[in-house]
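Colleague: Listed in order, the protein sequences are those of chains A and B. FYI, numbering that gives the first Met the number 0 numbers position 37 of the first sequence as 36, with every residue one higher than the one before it. FYI, numbering that gives the first Met the number 0 numbers position 43 of the second sequence as 42, with every residue one higher than the one before it. Encoded as structure tokens, here's the structure I'll be asking about.
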Amino acid sequence: MMINMTEKINLKKIEKKTYAYYHQDGLIDLFIGSGIIFAICCFLTELIWLAGTFVIFAVPLYTLAKQKITAPRIGLVKFGQKAQHRTLFIVLILIGNIFLIFVLGLFLYRNVIPTWIIENITSYPSLIVGYTGIVLILLSAVLSGIKRFYFYATSIFIIFLIGQLLSINLIISSALVAGVIILIGFCTILYFIHENPLSAKAILNEK
Amino acid sequence: MKNKDKKTSTEIQPLTYVDKVIHEPARLTIMAHLYVVESADFLFMMRQTGLTFGNLSAHMSKLETAGYIKIIKEFIGKKPHTMLLLTPKGRIAFEEYRKNIKDFFDDMPI
Numbered sequence: 000m001m002i003n004m005t006e007k008i009n010l011k012k013i014e015k016k017t018y019a020y021y022h023q024d025g026l027i028d029l030f031i032g033s034g035i036i037f038a039i040c041c042f043l044t045e046l047i048w049l050a051g052t053f054v055i056f057a058v059p060l061y062t063l064a065k066q067k068i069t070a071p072r073i074g075l076v077k078f079g080q081k082a083q084h085r086t087l088f089i090v091l092i093l094i095g096n097i098f099l100i101f102v103l104g105l106f107l108y109r110n111v112i113p114t115w116i117i118e119n120i121t122s123y124p125s126l127i128v129g130y131t132g133i134v135l136i137l138l139s140a141v142l143s144g145i146k147r148f149y150f151y152a153t154s155i156f157i158i159f160l161i162g163q164l165l166s167i168n169l170i171i172s173s174a175l176v177a178g179v180i181i182l183i184g185f186c187t188i189l190y191f192i193h194e195n196p197l198s199a200k201a202i203l204n205e206k
Numbered sequence: 000m001k002n003k004d005k006k007t008s009t010e011i012q013p014l015t016y017v018d019k020v021i022h023e024p025a026r027l028t029i030m031a032h033l034y035v036v037e038s039a040d041f042l043f044m045m046r047q048t049g050l051t052f053g054n055l056s057a058h059m060s061k062l063e064t065a066g067y068i069k070i071i072k073e074f075i076g077k078k079p080h081t082m083l084l085l086t087p088k089g090r091i092a093f094e095e096y097r098k099n100i101k102d103f104f105d106d107m108p109i
């Protein structure tokens, strides 16, 4: 991407593109998808508090995967504090999203919240959870510039809408969303590895 | 005629202050990319700028000589690794360059 002197130097655009380029490997998708699956498992086993521990073992794994898969292929980049805060914000949004869905589910399960809220939630559970998920993932998409997130927002909309119409269990809808994210993430990784073979590295960085 | 020439030379005067080291398109691209990150390695810069290894090396050397970038050679495991980062001087020079170019184009009649 060569800059021409006559065109405006849009640093925000460059920053966003650089950020999206570094996250084109699909690892973040696997991270999110497996996070949802882990939270579902915690919910089903009634060990909802365990969901928070996901970050403890997933973040080192994610960092290791970045070093082993991404860095040798497209290089290494360290983002400034602003971008690091953005990453943290996105991760927090997604974790918050997962946490919110399952805490809500837990409250429903234990009948702790007021009846009028329960009535509304039990009438449209998929729509409410889906709407929250869409808002949060769209926010992440805008902040990160990762276009796949828009597709996930659409998938959430379709899955949860169908889930609402066909009265499909919330857990199944969430698992479907996680499945879609993991599948796309996996395909993205394969595509990324195919498009960025390791051989290029031998000529470059090891000189 | 003389007056017109004088006016034109005054109008383009801000361009004479433009840093010629940064003004070259490839180096401008490198500077812009390094400006938005903390540091990046050689491979990443190659992929981002679309420059060849030799080309990037040459431009990096010029920017390093000007004191705009810092080249850090390190080892990751047993493999040599080159990290590039903008120096404070380079950051200021780039900001000044942007300002000069912006001023010039802003003053230009449509």
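Every residue gets a Cβ at the ideal spot worked out from N, C-alpha and C, and that includes glycine. Computed from a predicted model, the values in this text were never measured in an experiment.
Starting from residue 75 of chain A, find everything on chain B with Cβ-Cβ shorter than 9 Å and list it in chain order.
Modeller: Stepping through the first sequence from its first residue, residue 75 of chain A is reached at position 76. What residue 75 of chain A touches in chain B: 38, 39, 40, 42, 43, 75, 80 and 82.
Colleague: Taking Cβ-Cβ distances shorter than 9 Å, what residues in chain B pair up with residue 20 of chain A?
Modeller: Translated into the one-based positions of the first sequence, residue 20 of chain A becomes position 21. In chain order: 43, 46 and 47.
Colleague: Taking only beta-carbon positions, decide if residue 142 of chain A is within less than 8 Å of chain B.
Modeller: Translated into positions along the first sequence, residue 142 of chain A becomes position 143. No, residue 142 of chain A lies away from the interface with chain B (no Cβ there is under 8 Å from its Cβ).
Colleague: Is it right to say residue 28 of chain A is buried, meaning 16 or more other beta carbons lie within 10 angstroms of its own, or is it exposed?
Modeller: On the first sequence, position 29 is the one that residue 28 of chain A refers to. Answer is buried; the Cβ neighbour count reaches 16.
Colleague: My output table needs one value for residue 15 of chain A: the three-state DSSP class, helix, strand or coil.
Modeller: Taking the first residue of the first sequence as 1, we reach residue 15 of chain A at position 16. If DSSP states are grouped into helix, strand and coil, residue 15 of chain A belongs with the helices.
Colleague: Please compile the residues from chain B whose C-beta is within a distance smaller than 7 Å of the C-beta of residue 13 of chain A.
Modeller: Within the first sequence, the letter at position 14 stands for residue 13 of chain A. Within 7 Å Cβ-Cβ: 31, 32 and 35.
Colleague: Quick check: residue 62 of chain B and residue 17 of chain B, are their CB atoms within less than 8 Å of each other?
Modeller: Indexing the second sequence from 1 puts residue 62 of chain B at position 63. Indexing the second sequence from 1 puts residue 17 of chain B at position 18. In this structure, residue 17 of chain B does not lie closer than 8 Å to residue 62 of chain B by Cβ.
Colleague: Within 8 Å (strictly less), CB to CB, does residue 17 of chain A reach chain B?
Modeller: Locating residue 17 of chain A in the first sequence gives position 18, where the first residue counts as 1. Closer than 8 Å: yes.
Colleague: Sorted by chain position, which residues of the same chain lie with C-beta nearer than 7 Å to residue 79 of chain B's C-beta, five sequence neighbours on each side aside?
Modeller: Here residue 79 of chain B corresponds to residue number 80 of the second sequence, with the count starting at 1. If we look at residue 79 of chain B and ignore the five residues flanking it on each side, its Cβ neighbours are 72.
Colleague: Could you please give the first and the last residue of the uninterrupted alpha helix (DSSP H) stretch that includes residue 145 of chain A?
Modeller: What you label residue 145 of chain A is simply residue 146 of the first sequence in a count that begins at 1. From DSSP, residue 145 of chain A is part of no alpha helix (DSSP H); its letter is neither H nor E.
Colleague: Taking 8 Å as the CB-CB limit, is residue 25 of chain A close to chain B?
Modeller: Position 26 of the first sequence holds residue 25 of chain A. Output row for residue 25 of chain A: interface = no.
Colleague: Are residue 176 of chain A and residue 155 of chain A touching if we call contact CB-CB under 8 Å?
Modeller: Within the first sequence, the letter at position 177 stands for residue 176 of chain A. Within the first sequence, the letter at position 156 stands for residue 155 of chain A. Against a cut-off of 8 Å, the Cβ pair of residue 155 of chain A and residue 176 of chain A comes out as a contact.
Colleague: Kindly list, in the order they appear in chain B, the residues whose Cβ is closer than 9 Å to that of residue 51 of chain A.
Modeller: On the first sequence, position 52 is the one that residue 51 of chain A refers to. The contacting residues do not exist; residue 51 of chain A stays about 29 Å from chain B at best.
Colleague: Identify the residues that DSSP records as bridge partners of residue 39 of chain B: which are they?
Modeller: On the second sequence, residue 39 of chain B is found 40 positions in, with the first residue counted as 1. The partner list for residue 39 of chain B (beta bridge, DSSP) reads A/76 and B/83.
Colleague: Taking Cβ positions only, does residue 165 of chain A come closer than 8 Å to chain D?
Modeller: Reference to chain D is not applicable here, since the protein chains of this structure are A and B.
Colleague: Hey, would you say residue 43 of chain B sits closer than 8 Å to residue 73 of chain A, going by beta carbons?
Modeller: Start at 1 with the first residue of the second sequence, and residue 43 of chain B comes out as number 44. Start at 1 with the first residue of the first sequence, and residue 73 of chain A comes out as number 74. Going by C-beta atoms, residue 43 of chain B is nearer than 8 Å to residue 73 of chain A.
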